[in-house]
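Let me begin by presenting the structure, written as structure tokens, before commenting on it.
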Amino acid sequence: AQSVTQLGSHVSVSEGALVLLRCNYSSSVPPYLFWYVQYPNQGLQLLLKYTSAATLVKGINGFEAEFKKSETSFHLTKPSAHMSDAAEYFCAVSDRNYGQNFVFGPGTRLSVLP
Amino acid sequence: DTEVTQTPKHLVMGMTNKKSLKCEQHMGHRAMYWYKQKAKKPPELMFVYSYEKLSINESVPSRFSPECPNSSLLNLHLHALQPEDSALYLCASSQHGTGENTIYFGEGSWLTVV
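Structure below.
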């Protein structure tokens with residue numbers, strides 16, 4: 024069974040600093056990969072997804088993620104954090120072979136300090 | 786229009802009450818989902834409907850009863866709930882199954898069981 028880990032349940036950065044949120048998956052076949060964001064008291068919104076086209080994926084709000092098969096990783100980055108980026112971020116994987124197998128990571132809470 | 790609409794936004798119910806959560810999407814999606822989310826945790830899958838048929842039930846207690854009246858609507862009937870069932874309930878939809886398809890989430894219904 025595939026799984027996904029997110030290193031760091033809580034990450035704090037200063038406004039204007041680089042944001043790096045880590046995601047690693049375990050799967051024998053590279054899965055489809057997603058990053059979702061959840062702002063306080065809201066549902067989840069897709070930031071970006073990897074479906075085996077370009078390994079560097081650009082998403083909304085200035086975020087991007089790079090798929091690295093050798094590292095089984097799909098880390099999320101943003102060059103310059105904004106206060107409005109403070110939220111919970113979930114990495115998720117979807118199995119290429121089984122249409123209903125969609126697994127969320129535990130999440131990383133991003134705080135942005137002024 | 787990429788929107789999943791959930792009602793009510795907030796619900797308080799007693800342990801002997803019967804209530805329902807409602808979800809609607811008009812994106813032509815044929816897969817719909819119910820997730821449960823506790824504070825500081827990722828969403829947990831409860832049910833999946835695919836082409837209006839229940840395809841996944843993740844061992845959810847029978848006090849939760851899903852219903853898919855048509856391809857646009859999804860209900861979750863609640864009866865004899867326990868205080869530990871208090872959570873954010875998220876409805877979601879995707880074009881077909883998961884795989885590379887994006888899952889679109891609603892804003893959620895906050896349920897408090899007293």
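Just so you know, the sequences run in chain order A and B. Each number in this note's numbering comes from the position in the first sequence (counting from 1) with 23 added on. Each number in this note's numbering comes from the position in the second sequence (counting from 1) with 785 added on. Beta carbons: idealized from backbone N, C-alpha and C, even for Gly.
Next on the checklist: Less than 8 Å between the C-beta atoms of alanine 872 (chain B) and tyrosine 889 (chain B), yes or no?
Outcome noted: Their beta carbons are not under 8 Å apart, which means alanine 872 (chain B) does not touch tyrosine 889 (chain B) by this criterion.
Next on the checklist: Check whether chain A comes within 8 Å of proline 851 (chain B), counting only Cβ atoms and requiring the distance to be less than that.
Outcome noted: Closer than 8 Å: no.
Next on the checklist: Using C-beta distances below 8 Å, list every residue in its chain close to proline 32 (chain A), excluding the 5 sequence neighbours before and after it, in chain order.
Outcome noted: The amino acid at residue 32 (chain A) is misidentified as proline; the sequence shows serine. Residues Pro129, Gly130, Thr131 and Arg132 of the same chain have their beta carbon placed closer than 8 Å to that of serine 32 (chain A), with the five preceding and five following residues left out of the count.
Checklist entry - What do you get for glycine 882 (chain B), buried or exposed, if any count of 16 or more other CB atoms within 10 angstroms of its CB means buried? => result In the assembly as shown, glycine 882 (chain B) is a buried residue. Its beta-carbon has 16 or more other beta-carbons within 10 Å.
Checklist entry - What first and last residue would you give for the beta strand (DSSP E) that runs through methionine 798 (chain B)? => result Counting along the chain, methionine 798 (chain B) sits inside the beta strand (DSSP E) bounded by residues 795-798.
Checklist entry - Name the chain A residues that come within less than 8 Å of threonine 900 (chain B), Cβ to Cβ? => result There is simply no residue 900 (chain B) to check, as chain B begins at 786 and stops at 899 in what is shown.
Next on the checklist: What does DSSP give as the partner residue(s) for histidine 862 (chain B) in the beta ladder?
Outcome noted: Paired residues: B:Ser805 and B:Ser850.
Next on the checklist: Alpha carbons only, please: which of B:Asn802, B:Met798, B:Glu809 and B:Gly799 is nearest the one belonging to glutamate 892 (chain B)?
Outcome noted: Nearest in C-alpha terms to glutamate 892 (chain B), of all of B:Asn802, B:Met798, B:Glu809 and B:Gly799, is B:Glu809.
Item to check | Beta-carbon proximity list for glutamate 852 (chain B), same chain, < 6 Å, skipping 5 on both sides | outcome: For glutamate 852 (chain B), the CB contacts under 6 Å within the same chain, skipping 5 residues up- and downstream, are Asn860 in chain order.
Checklist entry - Taking C-alpha atoms, which residue in B:Val789, B:Leu858 and B:Lys823 lies nearest to proline 868 (chain B)? => result Ranking B:Val789, B:Leu858 and B:Lys823 by Cα distance to proline 868 (chain B) puts B:Lys823 first.
Item to check | Backbone secondary structure at lysine 92 (chain A) - three-state DSSP | outcome: Reduced to three states, the DSSP call for lysine 92 (chain A) is helix.
Item to check | Simplified DSSP state of asparagine 84 (chain A), which is helix, strand or coil | outcome: For asparagine 84 (chain A), the three-state secondary structure derived from DSSP is helix.
Item to check | Candidates B:Met831, B:Tyr818, B:Val845 and B:Gln791: closest to leucine 806 (chain B) by CA position | outcome: Nearest C-alpha to leucine 806 (chain B): B:Gln791.
Checklist entry - Between serine 134 (chain A) and asparagine 47 (chain A), what straight-line distance do the alpha-carbon atoms span, to the nearest angstrom? => result Asparagine 47 (chain A) has its alpha-carbon roughly 21 Å from the corresponding atom of serine 134 (chain A).
Checklist entry - Measuring CB to CB, does leucine 67 (chain A) end up less than 8 Å from tryptophan 58 (chain A)? => result Taking 8 Å as the cut-off, the beta carbon of leucine 67 (chain A) is found no closer than this to the beta carbon of tryptophan 58 (chain A).
Checklist entry - What did DSSP end up calling glutamate 111 (chain A) once you bin it into helix, strand or coil? => result DSSP places glutamate 111 (chain A) within a strand segment (E or B) once states are collapsed to three.
Checklist entry - Hey, tyrosine 55 (chain A) and threonine 74 (chain A): beta-carbon distance below 8 Å or not? => result Contact flag set, yes.
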